[in-house]
Amino acid sequence: MTFIEQFKKMMHEAMPAFLANPFIQNCEAGRVDARALYTYIEQDNVYLAVYLPLFSKGLDNFGIDSKALRQFEGDQETKPHLMLQKLADEKNPAAKKSITKKWLPATSAYLKHIQDSQKENDFIFLCSLAACPYVYGYLTEKMIADGRMTKDNPFYPWFDFYKGTDGQLIVDFMKVLKEEADKVDEAIQSRGLTAFYQAVQFENDFFAQSMEKEA
Numbered sequence: 001m002t003f004i005e006q007f008k009k010m011m012h013e014a015m016p017a018f019l020a021n022p023f024i025q026n027c028e029a030g031r032v033d034a035r036a037l038y039t040y041i042e043q044d045n046v047y048l049a050v051y052l053p054l055f056s057k058g059l060d061n062f063g064i065d066s067k068a069l070r071q072f073e074g075d076q077e078t079k080p081h082l083m084l085q086k087l088a089d090e091k092n093p094a095a096k097k098s099i100t101k102k103w104l105p106a107t108s109a110y111l112k113h114i115q116d117s118q119k120e121n122d123f124i125f126l127c128s129l130a131a132c133p134y135v136y137g138y139l140t141e142k143m144i145a146d147g148r149m150t151k152d153n154p155f156y157p158w159f160d161f162y163k164g165t166d167g168q169l170i171v172d173f174m175k176v177l178k179e180e181a182d183k184v185d186e187a188i189q190s191r192g193l194t195a196f197y198q199a200v201q202f203e204n205d206f207f208a209q210s211m212e213k214e215a
């Protein structure tokens, strides 16, 4: 099995956990939990403030100049955030006052994982960065294709946005990973796959933490 085949297999095997995630289940059912959406937006903003500069560094390490990838590195995700904010505002705008402004555990742990991967090796770092766009693109495309997310669902525009924008990004990222995987030994490839797998788990945790209430 090639590196890319193993990479894709990991995401395929992670899908049941994402489909069981309470945040994703709410989206699938069309349930608007305003507090959860406000929390997600707040955490995603602080996450992206750290992740996007790291993403740029990851591309620079390999001299990558894909238009889709370079567009992503400067995208502050305002459009999808506004989609969710509109739903939350319509449901219960007062819920925004109840969310925390501090980093939640999954946000901190996810970013630390990427930063630790950066210290280890450039290729491993690239693999850890791949999970963010890959999860969103794969998850949204799969749920729409399987009929889990339909056009009458209030979350459909959000899913459709990532299916479209992250779809091409994934194609370009896979091309880069394939090329770079061929240049490293099996031990580094294995560590890269582990870093990707761990990042995928952090993505799932990141969604789930939005549903948790503070003690």
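Counting in full-length UniProt numbering, the sequence shown runs from 1 upward without gaps.
Even for Gly, the Cβ is constructed at its ideal location relative to N, Cα and C.
Check your understanding: From residue 64 to residue 39, what does the alpha carbon distance come to, in whole angstroms?
Key -> Approximately 33 Å between the Cα atoms of the pair.
Review point. In terms of residues, what are the limits of the alpha helix (DSSP H) holding residue 204?
Key: Per DSSP, residue 204 belongs to the alpha helix (DSSP H) from 186 to 209.
Check your understanding: Between which two residues does the alpha helix (DSSP H) containing residue 63 stretch?
Key -> Careful: residue 63 lies outside any alpha helix (DSSP H) and carries neither H nor E.
Review point. Who are the Cβ neighbours of residue 215 in its own chain at under 7 Å, not counting the five residues just before and after it?
Key: Caution is warranted here: a pLDDT of 42 is assigned to residue 215, below 50, making its placement in the model unreliable, and the coordinate value is therefore given only provisionally. Taken in chain order, the list of residues that qualify is empty.
**Study point:** Backbone CA spacing between residue 8 and residue 136 [nearest angstrom]
**Key:** Cα-Cα distance, rounded: 14 Å.
Check your understanding: Which two residues bound the contiguous alpha helix (DSSP H) that contains residue 140?
Key -> Its alpha helix (DSSP H) spans residues 122 to 145.
Practice item. Could you tell me which of 10, 61, 33 sits nearest to residue 213, measuring between CA atoms? Key: Residue 33 holds the alpha-carbon nearest to the alpha-carbon of residue 213 among 10, 61, 33.
Point to revise | residue 207 and residue 23 closer than 8 Å at C-beta | key: Cβ distance < 8 Å, so residue 207 and residue 23 count as in contact.
Exercise for review: Starting from the C-beta of residue 300, find all residues in its chain whose C-beta is less than 6 Å away, skip the five residues before and the five after it, and write them out in chain order.
Suggested key: Past the boundaries of the shown model lies residue 300; the chain is included only from 1 to 215, so the question cannot be answered.
Point to revise | Straight-line Cα distance separating residue 182 from residue 86 | key: Linking residue 86 to residue 182 through their CA atoms gives a straight-line distance of about 45 Å.
Practice item. Go ahead and pull the three-state DSSP assignment for residue 273. Key: The structure shown does not extend to residue 273, since the chain spans only 1 to 215, so no value can be given for it.
Check your understanding: Taking only runs of the alpha helix (DSSP H) that begin and end inside the segment 20 to 56, which ones reach a length of at least 4 residues, in chain order?
Key -> Whole alpha helix (DSSP H) segments, 4+ residues: 22 to 29.
Check your understanding: On the three-state DSSP scale, how would you describe residue 103?
Key -> If DSSP states are grouped into helix, strand and coil, residue 103 belongs with coil.
Practice item. Decide yes or no for the touch test of the segment 121 to 129 against the segment 56 to 63: beta carbon pairs closer than 8 Å, at least 3 of them. Key: With a cut-off of 8 Å, the segment 56 to 63 and the segment 121 to 129 count as touching, because enough Cβ pairs lie within range.
Practice item. Can you tell me which of the three DSSP states residue 155 falls into? Key: In the three-state scheme derived from DSSP, where H, G and I count as helix and E and B as strand, residue 155 is classed as coil.
Exercise for review: Compute the distance between the beta-carbons of residue 114 and residue 129, then report whether it is under 8 Å.
Suggested key: Contact: yes.
Point to revise | Contacting residues, own chain, Cβ-Cβ under 8 Å from residue 83 (five flanking each side not counted) | key: Closer than 8 Å at the Cβ level, and outside the excluded window around residue 83, lie 157, 158, 161.
Check your understanding: Within 10 angstroms of its Cβ, does residue 152 collect 16 or more other Cβ (buried), or is it exposed?
Key -> Exposed: under 16 other Cβ atoms inside 10 Å.
**Study point:** Inter-residue spacing [alpha-carbon to alpha-carbon] between residue 106 and residue 44
**Key:** C-alpha separation (whole angstroms): 11 Å.
Practice item. Label residue 150 either buried or exposed according to how many other C-beta atoms from any shown protein chain fall within 10 Å of its C-beta, with 16 as the threshold for buried. Key: Under this definition residue 150 is an exposed residue.
**Study point:** Distance CB(residue 178)-CB(residue 4) smaller than 8 Å
**Key:** Yes, they are a contact pair.
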